[in-house]
Amino acid sequence: MVLVPLLVAALAGCAEPSRLAAVPPNLEEDVSVLGTPNARFWADTQWPAMLQEAMRALARERAASMPGSALGPANFLAVSGGSDDGAFGAGLLVGWTETGTRPSFALVTGISTGALIAPFAFLGPAYDEQLRTVFTTIGPEDVYSRRWTLTAVFSDALSDTTPLFQLISRYVNQSMLDAIGREYLNGRLLLIGTTDLDAQRPVIWNIGAIATSGRPEALDLFRRILLASAAIPGVFPPVMIDVDVGGRRYQEMHVDGGAFAQAFLIPSRVQLAIARGGQQPVRPRIAYVIRNARLDPEWAQVDRRLLSIGPRAISTMIHSSGLNDVVRIYFTARRDGIDYNLAYIGSDFTAERGTEFDTAYMQALFAYGHAKALAGTAWTKVPPILAKPGGAEQFDGDGAKEGADPQPQR
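Position one of the sequence shown corresponds to residue 6 (our numbering), numbered consecutively onward.
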């Protein structure tokens, strides 16, 4: 009988998490953050505003370059989601630095674990040791703490990511934000993707504009954006972000950007507009896509239980989404005249994961990415699904099957 009052007390303490009102659908396009109009964009509708931002970045880059000199190639880097498999991308970047061939990127984008890598990649080799430390020394206790089952049922997730926010805050400091701001003023862009769960829409955050906003809340917002981009729905809590519409406060619920895409560059219509109406002749553009995951199926016998079937189905959807993204970016790049390069975890990586964020597994994966970069074998020009018989050979020189219309990048 002692269990009954304990259960009642536990239920009484499990009140539903509260929040401010979500932004009404008719006001979504008018949202303001930090009073900075270009702090973020709706990825599905605000491509004209993103085009303006890209053109302003190009103007800043020209202003920062030597007078009368032509701009060099524009290098783009997209870093995908992948949870603890982000150790692959971290190792690849560090190894790439050691080859002496790693370029400076005009644009870096990140989603989920890729969002955690992106600021280090954007700021360059000076941040490699921090990147190595983050992805080779942490364990599960540095990312989340599990909630008691009854608490989780009445809460917003199965786990608490306070440890992850503390980890982010340790490395993402004012010095880093200031450095991002300086690079933004030189014409470089760092973009992070999240998903607004209320609106069911993808959001692209313009970190450089946030860094140069002059607002004291900018650093906390940056940290929360990174936390949100990695917030796997149901597993990790969503991140509530305060926004303003006409002087009234609302809250948006943001989760993992991977709910929409595992990797992205700027929308294809922006790329196409820059190519057609920007610099003449168009400067060389090179895209590098790091897929922090395997692209071949990972076989496993699934137990006939809900707790086995559900996670397996979700991981299958994420796998398919990631594969579709690298193919979509490939076709967009070919259409827009961008040199495409893809790195991913190959079937030759055989280390087994004990638990999520297993330190030994992440160290092995970091070493794998590092070794591929040093050996010069990290990059491929064609997604493997298209390089097989019946794949790429069926596509014409414009990167599309005859009569097909490649889907624009969202």
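For glycine and all other residues, C-beta sits at the position ideal for the given N, C-alpha and C.
Can you tell me whether DSSP reads residue i as helix, strand or coil?
i	result
E257	strand
L202	coil
R340	helix
R45	strand
V113	strand
R107	coil
G282	With a pLDDT of 49 at G282, under the threshold of 50, the modelled position of this residue cannot be trusted; read the value that follows with caution. Here G282 sits in helix by DSSP.
A27	coil
R215	One detail in the question is off: residue 215 reads as Ile in this sequence, not Arg. Looking at I215 - three-state DSSP - the assignment turns out to be helix.
A292	strand
N1	Missing from the structure shown is residue 1; the chain here goes from 6 to 415 and no further.
S150	strand
T364	helix
N329	helix
S180	helix
D4	Coverage of the chain is limited to positions 6 through 415, which leaves residue 4 absent and any answer about it impossible.
P22	coil
T166	coil
L370	helix
F241	strand
R310	coil
S37	strand
T142	helix
T102	helix
W210	strand
I271	coil
Quick one: Cα of residue i to Cα of residue j, how far?
i	j	result
A26	D201	14 Å
I212	Q57	16 Å
L195	P124	7 Å
A131	L300	31 Å
I116	W52	19 Å
A383	K377	5 Å
L76	D341	19 Å
S37	W304	46 Å
E4	S109	Here the chain has residues from 6 to 415 only, and residue 4 is not among them.
A120	S88	11 Å
M322	M367	23 Å
D330	G251	36 Å
R206	G73	42 Å
R220	G359	43 Å
R254	E134	40 Å
A54	V275	9 Å
L270	T114	6 Å
D249	P302	44 Å
N31	L226	25 Å
D90	D363	10 Å
R288	R61	16 Å
I237	Q306	24 Å
A318	A162	19 Å
Please list, in chain order, all residues of the same chain as residue i whose beta carbon is under 8 Å from its beta carbon, the five residues on each side excluded.
i	result
I390	L300, L328, V332, G396
D183	A216
L172	V139, I143, D147, V148
R24	M245, Q256, M258
Between residue i and the rest of its own chain, which residues show a CB-CB distance below 6 Å, the 5 nearest in sequence each way excluded?
i	result
D344	I291
S218	L39, T41
A223	I215
R107	W101
F265	T200, P207
Y293	L82, N346
Hey, out of the options, whose CA is closest to residue i's CA?
i	options	result
E146	A69, F371, Y366, S164	S164
N346	T106, V387, R65	V387
P272	P242, V307, L112	L112
D35	R24, S23, T50	T50
I350	Y366, Y373, A365, F46	Y373
R151	R229, R193, P168	P168
L136	R229, R24, A92	A92
L190	A126, A69, P29, G96	A69
G94	L226, I295, G381	I295
E188	A266, G105, L128	L128
G47	N297, A204, A365, R254	Sequence inspection shows Trp at residue 47; the Gly mentioned does not correspond to that position. That would be A204, whose Cα lies nearest to the Cα of W47.
G192	A318, P289, A79, H375	A79
A298	N43, T364, L370	L370
R228	I237, F170, I209, D247	F170
H324	M60, A64, W210, A268	A268
Excluding five sequence neighbours on each side, which residues of the same chain lie with their C-beta closer than 7 Å to the C-beta of residue i?
i	result
T385	L347
L379	G100, E103, T104
Compute every distance between the C-beta of residue i and the non-hydrogen atoms of the ligand ATP, then say whether any falls below 7 Å.
i	result
A120	The ligand ATP is absent from the structure shown, which contains no ligands of any kind.
Return no unless some Cβ of chain D is closer than 8 Å to the Cβ of residue i.
i	result
L56	Absent here is chain D; the protein component of the structure consists of one chain.
Exercise. Any chance the stretch 307 to 316 sits against the stretch 342 to 359, with 3 or more Cβ pairs inside 8 Å?
Worked result: no
For this session: Take every Cβ of the stretch 233 to 243, pair it with every Cβ of the stretch 253 to 266, and state whether three or more of those distances are shorter than 8 Å.
Result: yes
Exercise. Are there three or more Cβ pairs, one per stretch, closer than 8 Å when the stretch 90 to 106 is compared with the stretch 172 to 186?
Worked result: no
Exercise. So, do the stretch 227 to 236 and the stretch 70 to 85 have three or more beta carbon pairs nearer to each other than 8 Å?
Worked result: no
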